[in-house]
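Number of protein chains: 2
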Amino acid sequence: MRKSYLLTPGPTPLPPQVCEALGRPIIHHRTPQFQAILKEANEGLRYVFQTKNDVFILASSGTGAMEAAVANLLSAGDTAITIQGGKFGERWTEICNSYGINTEIIEVQWGEAVEAREIEKRIKANPKIKAVFTTLCETSTGVVNDIEAVGKIVRNSQAVLVVDAISGLGAIDLQTDSWFCDVVVSGSQKGLMLPPGLGFISVSPKAWKLVQDSKCPKYYFDLKAAKKALDKTDTPFTPAITLIIALCESLKMLKEDGLENVFLRHKKMADATKAAMKAMGLELFAASAASDVVTAAKVPQGIDGEKMVKTMRDTYGVTIAGGQGEFKSRIFRIAHMGYIEKSDIIFCLACLEKVLSQMGYKINLGAGVKAAEEIFNSHT
Amino acid sequence: MRKSYLLTPGPTPLPPQVCEALGRPIIHHRTPQFQAILKEANEGLRYVFQTKNDVFILASSGTGAMEAAVANLLSAGDTAITIQGGKFGERWTEICNSYGINTEIIEVQWGEAVEAREIEKRIKANPKIKAVFTTLCETSTGVVNDIEAVGKIVRNSQAVLVVDAISGLGAIDLQTDSWFCDVVVSGSQKGLMLPPGLGFISVSPKAWKLVQDSKCPKYYFDLKAAKKALDKTDTPFTPAITLIIALCESLKMLKEDGLENVFLRHKKMADATKAAMKAMGLELFAASAASDVVTAAKVPQGIDGEKMVKTMRDTYGVTIAGGQGEFKSRIFRIAHMGYIEKSDIIFCLACLEKVLSQMGYKINLGAGVKAAEEIFNSHT
């Protein structure tokens, strides 16, 4: 009878409407019926991406969409800026290196955001830079980067701005067009409340010029083929039909709530979680630039972080995430992204208090929950 | 109240067990619970592939797995044989060309199988050939190629044998190890009775040697990364969790029936469909090498093939496939692959008879159904 709670930064819980859509009998993709669905999905994605650009749906995880960005924009020997302040920023460097693209790496301490001025300096110093690869929310640290500020710099340069919004899209604000984001990539299993298996990528007119010149080999992720198909409301290869049908359901939910309200809900959950951490005497990991989709906190001294996460999951059914890379057992992460609301947060915090207390951490049981409730009950 | 019948060569209908699994709440992929599922899926895939090699699960459609084969085995400037006797054979050439790989193209008339002797001649004439790209069932024509015969030739050469078994795996016999297939790729939406969104690829020891030397750029489809992860019962990137959970259900069904019985069921459906075509006075398209998974027949003179397919779908709820490429309106294809049995075939044939008759084709209503029933009732 025990219920399960999933507060991880991907996958996130599925709404019942999405589960229902996933379980429907399948339909063929080359039918007017599926064409209507594809059209609806594309329109909904443009709403969530806040863009007039085409948004392509790939049958891949988010990393596939990241590779699509690199392979379609650049050629071997080109130079791009990557920003390493966590595991997913490092992924941009790795993909670029796989394709023989030179990377000017901006190193950022894990837990901190990139300085837009640093990007400006690099772009001015090296006019050969063709692309700036950024991360909206660095899931591994909980940090959100100021993409709006970066966009203001990159728009006036020869380079295109590429944003990994896998973590964050549909949960925190990302104004693709107004912020001059040339390419935005995302995935299905985060703010969009779906299982993993879909990648998304939007392409601006400035980016299309690079696509025309790109010489990196590609076939499955070839955006020119995707564009040709999309113009006929089709896909170049068999699409992930059930996931796209379910996508229409989650897009409908986001549209009904309205993006602004969705962002406010996430902000409130983040504020409540942060307040609870402080009330429990825990130190936030990304204090200066904490995102509204995942809160990272330091594991208190003397507590086994991995055991704590495991006990919450195996004994109480509450799955949160540990750290990644060198922070594996030193931080833990509570995601509040997608189909998550107040009740999930409160129960997760109550469980965290209990487990920490059982493990010997001195805590006033209820202190974290109380602090969170105060935020949820406030009108700001 | 009208029921829908899907007799297309991908996607194929989903068993209720699969639909149910797809609709379950999601679980996190970095848990012991999902690890057990991944292990079960990998074991089941080795049973269906009839191999001791590792079978990797990709979050992509079958084409992604095809690209993985090319990008992991070869380097720009290498030479490979491709066989063009249909749309999917041509896809191998296209992918190779995207990666700067030279192709020795064996042209085969659409509707016919490749001659193993032709491959032998080419391999002997050019010792630089590193890979032979073949197609088990050429879905666009309904032809099945004699992979066993090709394997006997390629095994004694320096080249590796790569088989596109997207259409056919889990429905017709393909003995990966006994037939010396070095790399076999497949997809989820055909014989495996799942929605599209998973690609599969098996790799033999002979093929791994090429993987070590390959210089094609790749990241998402990098098999060395996939192998490193698989050895820890993990995936390098977020897997398509729900599809893999559903895969365990369909693999269980295939195992319970036993591959041999599954193949017999498909053979009987193919024989019945072919007998019906003849009884209806229709000419089979791939007469000499027709597969057991899809039957292609010529549209009779004076009949609008596209309208026929459309009427069956829109008026009677029976979806079959038209032709592809230059045969778009000249042939039609009835798939009997995956979760399809006698009742589906009989109803499809009855519907086909009715629509053809309404369109002015002279036919004894019931003749096709009778011929099919005779096959289904026979004990051979």
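These protein sequences, in sequence, are chains A and B.
Take the first sequence: its letters are residues 1 to 380, numbered as in our numbering.
Take the second sequence: its letters are residues 1 to 380, numbered as in our numbering.
For each residue, glycine too, the CB sits at the ideal point set by N, CA and C.
Source: prediction; values computed, not measured.
Determine, for residue i, whether the minimum Cβ-Cβ distance to residues of chain A falls below 7 Å.
i, result
"residue 99(B)", "yes"
"residue 248(B)", "no"
"residue 191(B)", "no"
"residue 242(B)", "yes"
"residue 67(B)", "yes"
"residue 396(B)", "An answer regarding residue 396(B) cannot be provided, because it is not within the stretch 1 to 380 covered by chain B."
"residue 220(B)", "yes"
"residue 237(B)", "yes"
"residue 63(B)", "yes"
"residue 16(B)", "no"
"residue 19(B)", "yes"
"residue 329(B)", "no"
"residue 264(B)", "no"
"residue 141(B)", "no"
"residue 8(B)", "yes"
"residue 23(B)", "yes"
"residue 11(B)", "yes"
Compute the Euclidean distance between the alpha carbons of residue i and residue j, then round it to the nearest angstrom.
i, j, result
"residue 118(B)", "residue 148(B)", "15 Å"
"residue 63(B)", "residue 246(A)", "22 Å"
"residue 266(B)", "residue 216(A)", "42 Å"
"residue 15(A)", "residue 131(A)", "37 Å"
"residue 297(A)", "residue 95(B)", "46 Å"
"residue 46(A)", "residue 257(B)", "46 Å"
"residue 82(A)", "residue 161(A)", "11 Å"
"residue 8(A)", "residue 192(A)", "14 Å"
"residue 60(B)", "residue 200(B)", "9 Å"
"residue 318(B)", "residue 206(B)", "45 Å"
"residue 314(A)", "residue 175(A)", "39 Å"
"residue 287(A)", "residue 324(A)", "18 Å"
"residue 155(A)", "residue 178(A)", "11 Å"
"residue 391(A)", "residue 26(B)", "Nothing about residue 391(A) can be read from this structure; chain A reaches only from 1 to 380."
"residue 141(A)", "residue 80(A)", "23 Å"
"residue 69(B)", "residue 343(A)", "47 Å"
"residue 347(A)", "residue 218(B)", "43 Å"
"residue 241(A)", "residue 32(A)", "14 Å"
"residue 50(B)", "residue 326(A)", "41 Å"
"residue 126(B)", "residue 181(A)", "50 Å"
Can you tell me which of the three DSSP states residue i falls into?
i, result
"residue 223(A)", "helix"
"residue 180(A)", "coil"
"residue 325(A)", "helix"
"residue 5(B)", "strand"
"residue 137(A)", "strand"
"residue 169(B)", "strand"
"residue 331(A)", "strand"
"residue 298(A)", "strand"
"residue 206(A)", "helix"
"residue 103(B)", "strand"
"residue 88(A)", "helix"
"residue 293(A)", "coil"
"residue 390(B)", "The displayed coordinates of chain B run from 1 to 380. Any statement about residue 390(B) would go beyond what the structure contains."
At a cut-off of 6 Å, would you count residue i as near the ligand SAH, judging by its Cβ distance to the nearest heavy atom?
i, result
"residue 329(A)", "With respect to the ligand SAH, the structure offers nothing, as it holds no ligand at all."
Could you check whether the Cβ of residue i sits closer than 7 Å to any Cβ belonging to chain B?
i, result
"residue 217(A)", "yes"
"residue 137(A)", "no"
"residue 320(A)", "no"
"residue 60(A)", "yes"
"residue 281(A)", "no"
"residue 325(A)", "no"
"residue 305(A)", "no"
Counting beta carbon pairs with one atom in the region 47 to 58 of chain A and one in the region 211 to 219 of chain A, are three or more of them shorter than 8 Å?
Too few Cβ pairs lie closer than 8 Å, so no.
Below 8 Å, how does it come out for the region 165 to 179 of chain A and the region 133 to 143 of chain A: are there three or more Cβ pairs, yes or no?
With a cut-off of 8 Å, the region 133 to 143 of chain A and the region 165 to 179 of chain A count as touching, because enough Cβ pairs lie within range.
Could you say if the region 15 to 22 of chain B and the region 226 to 234 of chain B meet the contact criterion of at least three C-beta pairs nearer than 8 Å?
Under the Cβ criterion (8 Å, minimum of three pairs), the region 15 to 22 of chain B does not count as touching the region 226 to 234 of chain B.
Are three or more beta carbon pairs between the region 35 to 45 of chain A and the region 363 to 371 of chain A nearer than 8 Å?
Inter-segment contact for the region 35 to 45 of chain A and the region 363 to 371 of chain A is absent: fewer than three beta-carbon pairs are separated by less than 8 Å.
Give me the subset of the region 27 to 54 of chain B whose CB atoms are less than 8 Å from a CB atom of chain A, sorted by chain position.
The region 27 to 54 of chain B vs chain A, Cβ under 8 Å: 27, 28, 29, 31.
Quick one, which residues of the region 72 to 95 of chain A are near chain B if we go by CB-CB under 7 Å, in chain order?
Within the region 72 to 95 of chain A, contact with chain B at the beta-carbon level (separation under 7 Å) is assigned to 94, 95.
Can we say the region 325 to 339 of chain B touches the region 233 to 241 of chain B, given the rule of at least three CB pairs closer than 8 Å?
Touching, no.
Residues in the region 164 to 197 of chain A having any Cβ partner in chain B nearer than 8 Å
Those residues of the region 164 to 197 of chain A that come within reach of chain B (Cβ to Cβ, closer than 8 Å) are 187, 189, 195, 196, 197.
Count the CB pairs spanning the region 184 to 195 of chain A and the region 277 to 287 of chain A that are closer than 8 Å, and state whether there are at least three.
They do not touch, by the three-pair rule.
Answer yes if the region 304 to 323 of chain A comes into contact with the region 122 to 129 of chain A, meaning at least three C-beta pairs across the two stretches below 8 Å, and no otherwise.
Touching, no.
Closer than 9 Å, Cβ to Cβ, to anything on chain B: give me those residues from the region 196 to 214 of chain A, in chain order.
Of all residues in the region 196 to 214 of chain A, 196, 197, 198, 199 have a Cβ within less than 9 Å of some Cβ in chain B.
Mind listing which residues of the region 341 to 375 of chain B have their C-beta closer than 9 Å to chain A's C-betas, in chain order?
Close to chain A, meaning a Cβ-Cβ distance shorter than 9 Å, is no residue of the region 341 to 375 of chain B at all.
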